[in-house]
Amino acid sequence: MEQMITCISCPVGCRMTVTLSDSGEFLSVTGNTCPRGARYAKQECTAPERMITAVIPVRGSDTPLSVKTRTPVPKALIFPIMEKLRETEVSAPAAIGDVILPDVLGTGVDIIATRNLP
Ligand code: SF4
Numbered sequence: 495m496e497q498m499i500t501c502i503s504c505p506v507g508c509r510m511t512v513t514l515s516d517s518g519e520f521l522s523v524t525g526n527t528c529p530r531g532a533r534y535a536k537q538e539c540t541a542p543e544r545m546i547t548a549v550i551p552v553r554g555s556d557t558p559l560s561v562k563t564r565t566p567v568p569k570a571l572i573f574p575i576m577e578k579l580r581e582t583e584v585s586a587p588a589a590i591g592d593v594i595l596p597d598v599l600g601t602g603v604d605i606i607a608t609r610n611l612p
């Protein structure tokens, strides 16, 4: 079976056609203009991942702290991780890159601060 996807690895946005076996195994890709596109196509069609960005409340402040996953996480875990972040609150101070939630939901990926919190 064939699947059309757009590469999001750079602003060019190549449209690619991915061929998968009946069992969903990656077979080939066309339309990519560089190897990054091929890697993205294989990842996206077999084990899609996304970065997560969010804001979480800060105790005693009206200004939330912006956070993100240090690396992409499995797409299927976006909502469980967002739910975990909804339950999370931090206290000042924090600095960019500080680990706010280590190994979120056992993914091996930390949630880190993306701004300084004096
Ligand atoms: S295939 Fe290469 S050139 Fe095309 S969007 Fe992806 S990274 Fe950019």
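Numbering-wise (the numbering used here), the sequence shown opens with residue 495 and increments by one.
For glycine and all other residues, C-beta sits at the position ideal for the given N, C-alpha and C.
All figures in this text were calculated on a predicted structure; none of them were measured in a lab.
Which of helix, strand or coil DSSP assigns to A607:
Reduced to three states, the DSSP call for A607 is strand.
Can you tell me the Cβ-Cβ gap for R533 and V567, rounded? I've got them flagged as a contact below 8 Å.
Actually they are not in contact, since the Cβ atoms of R533 and V567 sit about 17 Å apart, beyond 8 Å.
Roughly how many angstroms separate the alpha carbons of V512 and T527, rounded to a whole number?
Per the coordinates, the alpha-carbon of V512 lies some 14 Å from the alpha-carbon of T527.
In the DSSP assignment, find the unbroken beta strand (DSSP E) run with A548 in it and report its ends.
From DSSP, the beta strand (DSSP E) with A548 extends over T547 to I550.
Using only alpha-carbon positions, find the residue among N610, P587, F520 and A588 that is nearest to E538.
It is F520.
Is the separation between the beta-carbon of I606 and that of V584 shorter than 8 Å?
It is not a contact, given that the beta carbons lie outside the stated cut-off.
Spatial neighbours of R530 in its chain, beta-carbon cut-off 8 Å, leaving aside the 5 residues before and after:
Once the five neighbours on either side are set aside, the close Cβ partners of R530 are C501, S503 and C504.
Is R530 helix, strand or coil when you go by DSSP?
Three-state DSSP puts R530 in a helix.
Answer with buried or exposed for V561, where buried requires no fewer than 16 other C-beta atoms within 10 angstroms of its C-beta.
The residue in question, V561, is buried, as its Cβ has 16 or more Cβ neighbours within 10 Å.
Can you tell me whether G591 sits near ligand 1, meaning its C-beta is under 7 Å from at least one heavy atom of the ligand?
False, no ligand heavy atom lies under 7 Å from that Cβ.
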